[in-house]
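See structure below.
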Amino acid sequence: MDPMHVTRRRMPGQVVGSLVAIVFGVVFVVVNSGGLPSPWPLVLRIAAAVVAVGLLVGLRGVTARPDEGKGFTDRRYWLVVLAEAVALFGGLALINGVWRHSELAVAWIAFVVGVHFFGLAVVFRLRRFHALGAVLTVLGLAGFALGAAGASAATIALVSGVLSGAALFATVAVSLRLTPPATAA
Numbered sequence: 003m004d005p006m007h008v009t010r011r012r013m014p015g016q017v018v019g020s021l022v023a024i025v026f027g028v029v030f031v032v033v034n035s036g037g038l039p040s041p042w043p044l045v046l047r048i049a050a051a052v053v054a055v056g057l058l059v060g061l062r063g064v065t066a067r068p069d070e071g072k073g074f075t076d077r078r079y080w081l082v083v084l085a086e087a088v089a090l091f092g093g094l095a096l097i098n099g100v101w102r103h104s105e106l107a108v109a110w111i112a113f114v115v116g117v118h119f120f121g122l123a124v125v126f127r128l129r130r131f132h133a134l135g136a137v138l139t140v141l142g143l144a145g146f147a148l149g150a151a152g153a154s155a156a157t158i159a160l161v162s163g164v165l166s167g168a169a170l171f172a173t174v175a176v177s178l179r180l181t182p183p184a185t186a187a
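All residue numbers in the sequence shown are consecutive under the numbering used here, ending with 187.
Structure follows, in structure tokens:
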């Protein structure tokens with residue numbers, strides 16, 4: 003067997019979930035690195051692109067499972083996503099429109115996305131989503147704490163945004179690392 007072309011058997015929804023995490027990881031980094039001093043926005047954006055490409059290449063060696071995608075048809079999945087959307091947009095309306103603290107929007111996004119991973123951990127029976135949820139939730143809360151302490155919008159965006167992107171990338175990398183090689187038929 004050629005070790006450079008090992009085929010691995012994935013968990014249900016692993017590729018779709020990984021693609022979503024990679025895309026949102028890039029979005030978190032690109033959107034939230036802009037307020038940093040030069041050259042950091044460019045460096046972080048290039049790093050995010052390189053990591054994303056590396057993770058996409060890693061996904062190529064993962065084979066399909068017969069039950070692929072069933073979790074996304076589970077009603078509980080859609081309830082988690084609906085609750086996330088309501089919390090996300092409701093909170094953003096308050097933060098941006100009523101309280102006029104748009105610098106805290108990314109902290110709210112990280113917090114809500116983190117909490118939603120606890121629900122997804124139950125739906126998909128993936129313990130690593132509890133860890134990801136905890137990390138993103140803490141990064142969101144850290145952004146609020148930084149805001150209360152008078153930190154700059156760029157600092158809040160770095161902690162709650164860029165680091166959230168890194169956490170999403172790390173979770174995909176761990177997922178790929180833990181995916182066992184497929185057994186020969």
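Using N, Cα and C, we set each Cβ at its ideal position, and we do this for glycine too.
Cutting at 6 Å between CB atoms, please list the residues of its own chain near residue i, excluding the five before and the five after it.
i       : result
Ala-50  : Val-28, Val-31
Gly-19  : none
Leu-178 : Gly-60
Taking 8 Å as the limit between beta carbons, can you name the residues of its chain near residue i, skipping five residues before and five after?
i       : result
Phe-171 : Ala-23, Ile-24, Gly-27, Ala-50, Val-53, Ala-54, Leu-57
Ala-175 : Leu-57, Gly-60
Val-82  : His-118, Gly-121, Leu-122, Val-125
I'd like to know whether the C-beta atoms of residue i and residue j end up nearer to each other than 8 Å.
i       : j       : result
Phe-146 : Ala-95  : no
Val-125 : Thr-139 : no
Leu-141 : Leu-180 : no
Gln-16  : Val-88  : no
Gly-163 : Val-33  : yes
Sorted by chain position, which residues of the same chain lie with C-beta nearer than 7 Å to residue i's C-beta, five sequence neighbours on each side aside?
i       : result
Glu-2   : Here the chain has residues from 3 to 187 only, and residue 2 is not among them.
His-132 : Phe-120, Ala-123
Asn-98  : Ser-104, Ala-107
Ala-78  : The amino acid occupying residue 78 in the given sequence is Arg; Ala does not appear at that position. Around Arg-78: Val-125.
Return the Cβ separation of residue i and residue j in integer angstroms, given the expectation that the two are a contact with Cβ distance under 8 Å.
i       : j       : result
Phe-119 : Gly-135 : 3 Å
Ser-35  : Pro-41  : At roughly 11 Å, the Cβ-Cβ gap does not stay under 8 Å, so Ser-35 and Pro-41 are not in contact.
Val-137 : Ala-169 : 5 Å
Give a yes or no on contact between the stretch 142-158 and the stretch 85-93, applying the rule of three or more CB pairs nearer than 8 Å. With a cut-off of 8 Å, the stretch 85-93 and the stretch 142-158 do not count as touching, because too few Cβ pairs lie within range.
Assess contact between the stretch 97-114 and the stretch 149-163, defined as three or more Cβ pairs (one per stretch) separated by less than 8 Å. Is contact present? The answer is yes - the stretch 149-163 touches the stretch 97-114, with three or more Cβ pairs under 8 Å.
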